[in-house]
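**Student:** Residue numbers (the working numbering), protein chains in the order written: chain E, 4 to 101; chain W, 4 to 101; chain G, 11 to 140; chain P, 11 to 140; chain R, -17 to 118; chain Z, -17 to 118.
Cβ coordinates follow ideal geometry from the N, Cα and C atoms, glycine included.
Once you've had a glance at the structure underneath, I'll fire off some questions.
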Amino acid sequence: MSILHIVNKSPYEKNSVAMAAGYAKEGDTVLLIEDAVYAAVKAGSASAKLSGLDVSVLGSDLAARGVAEDKLADGVNVVDYAGFVDLVEAKDSVQSWL
Amino acid sequence: MSILHIVNKSPYEKNSVAMAAGYAKEGDTVLLIEDAVYAAVKAGSASAKLSGLDVSVLGSDLAARGVAEDKLADGVNVVDYAGFVDLVEAKDSVQSWL
Amino acid sequence: MKLTIQVNEGPYQHQASDSAYHFTKAALEKGHEIFRVFFYHDGVNNGTRLTTPPQDDRNVVNRWSELSKEHDLDLVICVAAAQRRGIVDDGEAERNGKDATNIADGFRISGLGQLIEGAVQSDRLVVFGD
Amino acid sequence: MKLTIQVNEGPYQHQASDSAYHFTKAALEKGHEIFRVFFYHDGVNNGTRLTTPPQDDRNVVNRWSELSKEHDLDLVICVAAAQRRGIVDDGEAERNGKDATNIADGFRISGLGQLIEGAVQSDRLVVFGD
Amino acid sequence: MAEDIKKLMYVNRRAPYGTIYAWESLEVVLIGAAFDQDVSLAFMDDGVYQLMKGQNTEAAGMKNFSPTYSALGDYEVTKIYVEKESLEERGLTLDDLQHLVWEDEDDDWAERDSIHLVSRAELADVMAEHDMMFNF
Amino acid sequence: MAEDIKKLMYVNRRAPYGTIYAWESLEVVLIGAAFDQDVSLAFMDDGVYQLMKGQNTEAAGMKNFSPTYSALGDYEVTKIYVEKESLEERGLTLDDLQHLVWEDEDDDWAERDSIHLVSRAELADVMAEHDMMFNF
C-alpha cells in the first residue's frame, strides 16, 4: 500500500527528511510542508537526500519563506492545500515524520 | 573569554551538538543535558563529534535515560546540578544551543 | 473520504495548528468529512478562550471555534493532556477543584479513546506536530 | 554570582522547565542570587494555576510557586507571549475583556524589558528551551 | 464489527524525558488496547532509547514510565519492531533494551519475544501493510 | 551607568514561521534597543533563512514580520553577523538576503552595510567577546 510521507522540519536542523527518504518506497510521495520546504531547494546540500523520490512541496509555505519556485529541484511538484488533501486521498495511508 | 556551551538535544535528531562543537574554543566547556547526554556515549557514532573538547554531562539526565557512566567516552565529566552551577560560574558566559 | 486530524502543538509557538487548520478547511471545501479533530500533547492549548493575539495577526483559537460552528466540527481535547497543561471546562473545574475555566467555544474535553475511535472510524489519520 | 534564568517551554511537553527549576534550586542552595526567572515563548504556560498533573508525577507549576515563596523569587511572565497563549492575571483580564484569570501564585506578568534588564543586571543569563 | 478491525502502527521516534511524546504516546497505546484492533509498535531513531534498561529518574525528579513497556504483553500488544540501523548508529544492541515478552495462549502460555529486530527496509515494508500510523 | 553597558548577542538559529522563535526573538531585539547596550545579532544554521528576501505569507495566513529587519538600523542595531558556512550549506548567497543598512551620523549619515559575512571560526571569536548570549 502506498504512503504519503509528510515532513515539516528543515533538513539542516533535524533528521526527519532523511528518515522519510529512507522509508519512502516506489509509489509513495514525500510532501514537504512548513520548514521542510527548504529541502526542495536545488542549490541546497540537502536536496540530494530526496533525489529519485516523488516529492511535493506546499506552495504557501514556500512563498512565506521567500523561496521562489524556480529555485526548486527538478521534478518537485508545488501543491496548495487542496492538492495536499488530494495527496492524502490518493495514497493509502499517511506517515508524519514529526 | 570562555563560554559554557549547553546542548539539550540528541545528536541523532538535531544538529545542535555539532554546532556547539564547531563553536567551542580552547578553554570552553560543552555541557550535555536532557536528550543531549546520548552524545557522550562512547559506542555511539555521534561521540566523535565531541572528541578533543572539554565535555561535561548531567548525571541525573544520564541516569533517567538508563545510560551507565562506564559507557561514556573517555574524559567526559559527570556533574550534578551543583556542578552545573559551578560551570556557569567558572566560564565567562553561557550559550544554549536550543 | 472520512478524516481524523490530530494536532500535537499549541497555537503560535509552532505552525502545526495553522497547517492543521488550513488542511481541515481545504478538506471540507472539497466535500470530505472531518470525523474529528483531536488535540493532544500541547495541542490542547489551542482550546483556551483566554488568548489575545496581536490585532494584525491571525486568531488561531477563534478560527478553530468558527470552523467548528460553521461545519459542526467535533473538536476534542484530550483530558489527560489537558489536566497536565491547565485546560479546564466546567466538569473538569468541579472534578479537580479549580476556581476558573478557560475552554473555548466549540471544544470539548474527552478521553484518548476518542483518538483511537477517530482512527478506526476514518479513512485517514493526518497528524500535525513539532 | 547574580543570575537571570530564561524558560522558553511550557510544563511537561519539554524538560526545559524541569531543568531550569533544578538549576535554579541548586544555584540558590549554593548561595547565588537569582535576579529573575523570565518565562518567554510557551514558557509562559508554566504560570497557570489550572493544571492538575497525575498524582504520581511532579507538579511543575506548584514547584515554581513554592520556590518563589521560599526564596522571594521574581517569576516574570512575558506579557506579549502570554497574550498569544492565554495566560491572564486580573489586569490583563480587565484590559482584554477576559472573563477569567489563570495565573498561578508567585508569577507576575510584565514586559520584555524585564528580560533585558535581567541580562544587564546579572552576571550570567542561562536559557532553557526546546 | 469485523470491517472495523484496522492495522494500527504507533511510530515512536523520540527519546524519553527530554519531551513527553514517548510517555503520552504510550498512554495512547494502553487506551487503544481496549479497542481490539491489530496493533504494532515501531521504534526507530531516538525512539529506540525508550526501551533502554535501567532507567532511573529519581535524581531528575520525573516519573519513570519505562516499567510500563513490560506490561504491554498483558495488553495483547505483542508486535514490537525495533529498527536495526537506529540501534547500531547509537552503539546499542538488543541487550541494552528491556526484554519484552508475551504469553501465547494458543501454545500453553509459552513465553514469546515481543521485540522483532528489523532492518529499515523491512520496517518500511511492515509500515506499508498498516492502515493508520500514529505519530507523536 | 557606564558599568551597566554590556555586550549582548542575539543568537538566531531557527527558520521563520515553522516556529515563532524568530519573531518573538526579534521582539526582544526591538525592546532591547531602548536599553542602550552594545548589541549584535548573529544568524547561523536555519537562522539565515530569517533574512530571506521576498517572504510572502499571504497564502500561509501568518504575519510577515520580515520587513522589520530593515528597520533595525533605525533602532541602532547595526552589527549583524551572518555565518558563511550556514549560507553555503543551504545554497544561498548574500544576494538572497535582504540588504540591511544603517546611517552613520558621524559621517554625514552615510549608508553602511549592517550585515557582515563571517566564517564560523570568526563568528566564534565574535561570540567570545560578548557578555551575554540570548537564545531562543
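At the level of alpha carbons, what is the spacing between Z/Thr39 and G/Thr62?
**Tutor:** Approximately 21 Å between the Cα atoms of the pair.
**Student:** Identify which residue in P/Asp100, P/Tyr22, P/Val17, P/Leu38 has its Cα closest to the Cα of P/Val70.
**Tutor:** Of the candidates P/Asp100, P/Tyr22, P/Val17, P/Leu38, the one whose C-alpha sits nearest the C-alpha of P/Val70 is P/Tyr22.
**Student:** According to DSSP, is Z/Leu79 part of a helix, a strand, or is it coil?
**Tutor:** Strand.
**Student:** Using 10 angstroms around the beta-carbon of R/Ala(-16), count the other beta-carbons present and answer buried if the total reaches 16, otherwise exposed.
**Tutor:** Annotation note: pLDDT 46 at R/Ala(-16) (below 50); position unreliable, no value reported.
**Student:** Give a yes or no on whether the minimum CB-CB distance between W/Asp73 and chain R is below 7 Å.
**Tutor:** No, because no Cβ of chain R sits closer than 7 Å to the Cβ of W/Asp73.
**Student:** Going by beta carbon distance, what residues of the same chain come within less than 8 Å of R/Gly43, once the five residues before and after it are set aside?
**Tutor:** Nothing listed; no residue qualifies.
**Student:** Name the two residues that bound the continuous alpha helix (DSSP H) containing P/Val71.
**Tutor:** Per DSSP, P/Val71 belongs to the alpha helix (DSSP H) from 70 to 81.
**Student:** Can you find a CB in chain R that lies within less than 7 Å of the CB of E/Lys28?
**Tutor:** Output row for E/Lys28: interface = yes.
**Student:** Got a sec: is the Cβ-Cβ distance from E/Ala85 to anything in chain G below 7 Å?
**Tutor:** Yes, contact with chain G.
**Student:** May I ask you to list, following chain order, the residues of the stretch 33 to 59 of chain G that have a beta carbon less than 9 Å from some beta carbon of chain P?
**Tutor:** Result list: His51, Asp52, Asn55, Thr58, Arg59.
**Student:** Looking at the structure shown, is R/Trp5 part of a helix, part of a strand, or coil, going by DSSP?
**Tutor:** If DSSP states are grouped into helix, strand and coil, R/Trp5 belongs with the helices.
**Student:** I believe E/Trp100 touches E/Val10 by the beta-carbon criterion, under 8 Å. Please report the beta-carbon distance rounded to the nearest angstrom.
**Tutor:** Yes, E/Trp100 and E/Val10 are in contact; Cβ-Cβ is about 5 Å, under 8 Å.
**Student:** Please tell me whether W/Gly69 and R/Gln37 are closer than 7 Å, where the distance is taken between their beta carbons.
**Tutor:** Yes, these two residues count as a Cβ contact at 7 Å.
**Student:** To the nearest angstrom, how far is it from the Cα of Z/Lys61 to the Cα of Z/Ile97?
**Tutor:** Distance between the alpha carbons of Z/Lys61 and Z/Ile97: 7 Å.
**Student:** List, in chain order, every chain W residue whose beta-carbon is nearer than 7 Å to that of Z/Asp(-14).
**Tutor:** In chain order: nothing, as chain W lies at least about 16 Å away.
**Student:** Got a sec: which bits of the stretch 5 to 29 of chain E sit with their beta carbon under 8 Å from any beta carbon on chain W, in order along the chain?
**Tutor:** Answer in chain order: Tyr15, Glu16, Lys17, Asn18.
**Student:** Strictly under 7 Å for the Cβ-Cβ distance: is P/Arg68 near chain R by that measure?
**Tutor:** Judged by the 7 Å Cβ criterion, P/Arg68 is in contact with chain R.
**Student:** Whose CA, out of R/Ile13, R/Tyr57, R/Lys66, lies closest to the CA of R/Asp86?
**Tutor:** Taking only the C-alpha atoms, the option nearest R/Asp86 is R/Tyr57.
**Student:** Would you list the residues sitting across from Z/Asn(-6) in a DSSP beta bridge?
**Tutor:** In DSSP, Z/Asn(-6) forms a bridge with Z/Phe25.
**Student:** If I follow the unbroken alpha helix (DSSP H) through R/Tyr51, where does it start and stop?
**Tutor:** It is not in any alpha helix (DSSP H) - R/Tyr51 carries neither H nor E in the DSSP assignment.
**Student:** Looking only at DSSP bridge pairs, what is R/Glu85 linked to?
**Tutor:** Partner(s): R/Glu93.
**Student:** So if I threshold CB-CB distances at 7 Å, which residues from the stretch 105 to 128 of chain P count as touching chain G?
**Tutor:** Under the 7 Å Cβ criterion, the stretch 105 to 128 of chain P contributes Asn106, Lys108, Ala110, Thr111, Asn112.
**Student:** Looking at the structure shown, is P/Ser157 part of a helix, part of a strand, or coil, going by DSSP?
**Tutor:** Missing from the structure shown is residue 157 of chain P; chain P here goes from 11 to 140 and no further.
**Student:** Is Z/Val11 close to chain P, meaning its C-beta is less than 7 Å from at least one C-beta of that chain?
**Tutor:** No, because no Cβ of chain P sits closer than 7 Å to the Cβ of Z/Val11.
**Student:** Which same chain residues, not among the five before or five after P/Leu135, have their C-beta less than 6 Å away from its C-beta?
**Tutor:** Here the set comprises Thr14, Ala129.
**Student:** Answer yes or no: does any C-beta atom of chain Z fall closer than 7 Å to that of P/Leu135?
**Tutor:** Answer yes: the Cβ-Cβ gap between P/Leu135 and chain Z drops below 7 Å somewhere.
**Student:** Hey, P/Val86 and P/Arg59 are a contact pair by Cβ (cut 8 Å); roughly how many whole angstroms apart?
**Tutor:** Between P/Arg59 and P/Val86 the Cβ distance is about 16 Å, and since that is not below 8 Å, they are no contact.
**Student:** For G/Arg105, report the span of its alpha helix (DSSP H) as first-last.
**Tutor:** Start and end: 100 to 106.
**Student:** Mapping the DSSP letters down to three states, classify W/Ser99 as helix, strand or coil.
**Tutor:** Looking at W/Ser99 - three-state DSSP - the assignment turns out to be strand.
**Student:** For E/Phe87 and G/Glu19, I'd like the C-alpha separation in whole angstroms.
**Tutor:** The straight-line gap from Cα to Cα measures roughly 20 Å.
**Student:** Looking at G/Ala26 and G/Gly116, is the spacing between their C-beta atoms short of 7 Å?
**Tutor:** Cβ distance not < 7 Å, so G/Gly116 and G/Ala26 don't count as in contact.
**Student:** For Z/Val11, collect the residues of the same chain with a Cβ closer than 8 Å to its Cβ; drop the 5 residues on either side in sequence, then sort them by chain order.
**Tutor:** If we look at Z/Val11 and ignore the five residues flanking it on each side, its Cβ neighbours are Tyr(-8), Val21, Leu23, Leu54, Tyr57, Val59.
**Student:** Report yes or no: is there a C-beta of chain W within less than 7 Å of the C-beta of R/Gly29?
**Tutor:** No, R/Gly29 does not count as interfacial toward chain W.
**Student:** Using alpha carbons as the reference points, say which of Z/Arg(-4), Z/Gly0, Z/Arg(-5) lies closest to E/Leu61.
**Tutor:** Out of Z/Arg(-4), Z/Gly0, Z/Arg(-5), Z/Gly0 has the C-alpha closest to the C-alpha of E/Leu61.
**Student:** Looking at chain R, is there any beta carbon in it that lies within less than 7 Å of the beta carbon of E/Leu101?
**Tutor:** Yes, its Cβ sits closer than 7 Å to a Cβ of chain R.
**Student:** Does Z/Asn38 come within less than 7 Å of chain W when only Cβ atoms are used?
**Tutor:** No, because no Cβ of chain W sits closer than 7 Å to the Cβ of Z/Asn38.
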